[in-house]
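To start, the structure itself, in structure tokens.
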Amino acid sequence: MKYRRLGTTGVKVSEISLGSWLTYGGYVEKENAIKSIHKAYELGINFFDTANVYRRGEAEKVVGEALRGFPRESYVLATKVFWPMGDGVNDRGLSRKHVIEQCNASLKRLGLDYVDLYYAHRYDPETPLEETLRAFDDLINQGKVLYVGVSEWTPAQIAEAVHIADKKLLDRIVVNQPVYNMFNRYIEKEIIPLSEVHGIGQVVFSPLAQGVLTGKYKKGAPVPAGSRAAADKETSQFVYRYLTDENLDKVEQLEKVAKELGITLAQLALAWVLRLKNVSSALIGASRPEQVEENVKAVDVELTQDVLERIEEILA
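Take 29 as the starting number for the sequence shown in this note's numbering and just add one per residue.
Laid out in structure tokens, this is it:
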């Protein structure tokens with residue numbers, strides 16, 4: 029495994045990290061989820077990601093249980109706050125009330141005294157940004173959170189958060205978690221240049237486009253049994269966004285490139301994401317330990333300029 033700094037902080041995280049969205053506490057059996065986390069740890073992955081909203085806390089319980097046997101200082105754990113966790117009017121968003129209450133609830137489910145990284149899972153237009161940043165700052169001062177970040181915020185929202193933190197002497201956000209893969213590259217234009225200026229790293233999710241960039245889905249063929257596309261509606265809806273004929277045509281061409289290099293398509297797609305220095309880690313999902321084993325090999329793949337140009341031609 030190789031490691032990179034989380035933004036410009038002093039903490040180092042594995043280039044491949046393991047998430048639990050749509051998997052743990054959901055359609056992946058608990059035993060396989062725990063085995064996958066243990067395999068990831070064994071292979072040098074030290075960065076694990078979850079969120080309170082993933083199966084309404086069930087994913088946090090599984091992740092917390094799986095990590096319990098490892099020394100706390102040996103891994104970096106992230107969770108999140110924003111989405112509804114109940115039916116009450118205050119059971120959502122980024123108000124001080126919801127942020128503090130949900131952090132405490134997450135720590136209880138995880139069985140931990142602190143989390144390394146706490147994300148604002150989305151931007152909350154109904155809460156003053158300073159209120160949210162002060163709540164995060166208080167959690168840091170209390171030792172319940174070490175670093176804070178955001179997910180899927182716009183460049184303007186990120187810039188405003190940095191400005192307020194600097195003006196009010198609050199802890200800055202150090203990481204952004206956006207979707208990023210060969211089919212969704214929106215962060216390249218503004219997010220990454222802005223983040224580089226302010227020392228914010230990217231921890232990208234869906235680097236394999238919900239499994240489409242593994243090559244498991246074929247044009248004109250039924251979706252494989254046991255895949256995310258064959259799971260429940262809550263899980264499969266995210267996969268079908270990528271299952272277009274145009275994307276599957278590109279997958280065929282990309283598979284040829286991967287074959288020539290002697291690697292899998294997934295390894296090619298992950299190495300492509302990691303070509304950017306501003307990417308601190310690529311967040312994968314896994315329903316089986318074997319998937320983790322294959323994906324971590326991407327850290328050893330060096331893509332030449334010629335290969336990158338071929339990929340650009342295919343993606344264009």
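From the three backbone atoms N, C-alpha and C, an ideal C-beta is built for every residue, glycine too.
With 16 as the cutoff for other CB atoms within 10 Å, does residue i come out buried or exposed?
{"i": "Lys136", "result": "exposed"}
{"i": "Ser223", "result": "buried"}
{"i": "Asp328", "result": "exposed"}
{"i": "Arg120", "result": "buried"}
{"i": "His149", "result": "buried"}
{"i": "Tyr208", "result": "buried"}
{"i": "Thr182", "result": "exposed"}
{"i": "Ile194", "result": "The identity of residue 194 in the sequence shown is Asp, whereas the question assumes Ile. By the 10 Å Cβ count, Asp194 comes out exposed."}
{"i": "Ala299", "result": "buried"}
{"i": "Val267", "result": "buried"}
{"i": "Val225", "result": "exposed"}
{"i": "Pro153", "result": "exposed"}
If you follow the beta strand (DSSP E) that residue i is part of, which residue opens it and which one closes it?
{"i": "Asn80", "result": "First-last for Asn80: undefined, no H or E at that position."}
{"i": "His204", "result": "The amino acid at residue 204 is misidentified as His; the sequence shows Asn. That run of the beta strand (DSSP E) goes 201–205."}
{"i": "Gly92", "result": "Not the beta strand (DSSP E): Gly92 falls in the alpha helix (DSSP H), residues 86–95."}
{"i": "Val143", "result": "143–148"}
{"i": "Arg33", "result": "31–33"}
{"i": "Lys325", "result": "Neither: Lys325 is in no beta strand (DSSP E) and is coded neither H nor E."}
{"i": "Phe211", "result": "Note, Phe211: premise wrong, no beta strand (DSSP E); not H, not E."}
In its own chain, which residues sit with a C-beta less than 6 angstroms from the C-beta of residue i, not counting the 5 before and 5 after it?
{"i": "Ala106", "result": "Asp77, Leu145"}
{"i": "Ala94", "result": "Ile62, Ile65"}
{"i": "Leu198", "result": "Leu161, Asp165"}
{"i": "Leu276", "result": "Lys247"}
Determine the extent of the alpha helix (DSSP H) in which residue i is found, giving its start and end residues.
{"i": "Phe164", "result": "157–169"}
{"i": "Tyr69", "result": "58–70"}
{"i": "Ala106", "result": "Taken as a continuous stretch (DSSP letters only), Ala106 belongs to no alpha helix (DSSP H), being part of the beta strand (DSSP E) at 104–109."}
{"i": "Lys40", "result": "Segment 40–42 is the beta strand (DSSP E) holding Lys40; no alpha helix (DSSP H) there."}
{"i": "Val225", "result": "219–226"}
State the DSSP-derived secondary structure class of residue i, mapped to helix, strand or coil.
{"i": "Ile312", "result": "strand"}
{"i": "Phe75", "result": "strand"}
{"i": "Asn118", "result": "coil"}
{"i": "Ser123", "result": "coil"}
{"i": "Gly177", "result": "strand"}
{"i": "Gly239", "result": "helix"}
{"i": "Leu343", "result": "helix"}
{"i": "Leu197", "result": "coil"}
{"i": "Val335", "result": "helix"}
{"i": "Leu46", "result": "strand"}
{"i": "Val232", "result": "strand"}
{"i": "Glu101", "result": "helix"}
{"i": "Lys247", "result": "coil"}
{"i": "Val190", "result": "helix"}
{"i": "Leu140", "result": "coil"}
{"i": "Pro183", "result": "helix"}
{"i": "Glu330", "result": "coil"}
Excluding the 5 residues flanking residue i on each side, which residues of the same chain have their C-beta closer than 7 angstroms to its C-beta?
{"i": "Ser42", "result": "Met29, Tyr31, Gly72, Ile73, Asn74, Phe75, Ser309"}
{"i": "Gly92", "result": "Arg137, Leu138, Gly139, Leu140"}
Going by beta carbon distance, what residues of the same chain come within less than 8 angstroms of residue i, once the five residues before and after it are set aside?
{"i": "Leu293", "result": "Leu241, Thr242, Gly243, Val279, Leu282, Glu283, Ala286"}
{"i": "Leu46", "result": "Ser64, Ile65, Ala68, Ile73, Phe75, Phe76, Asp77, Leu311, Ile312, Gly313, Ala314, Val320"}
{"i": "Glu59", "result": "none"}
Is any non-hydrogen atom of the ligand COA found closer than 7 angstroms to the C-beta of residue i, if you look at the structure I gave you?
{"i": "Val301", "result": "In the structure on display, the ligand COA does not appear, and there are no ligands present to speak of."}
Is any beta-carbon of chain B found at less than 8 angstroms from that of residue i?
{"i": "Ala68", "result": "The structure shown contains no chain B, having only a single protein chain."}
Contiguous alpha helix (DSSP H) assignments of at least 4 residues, all confined to the segment 262–308: 273–289, 293–301
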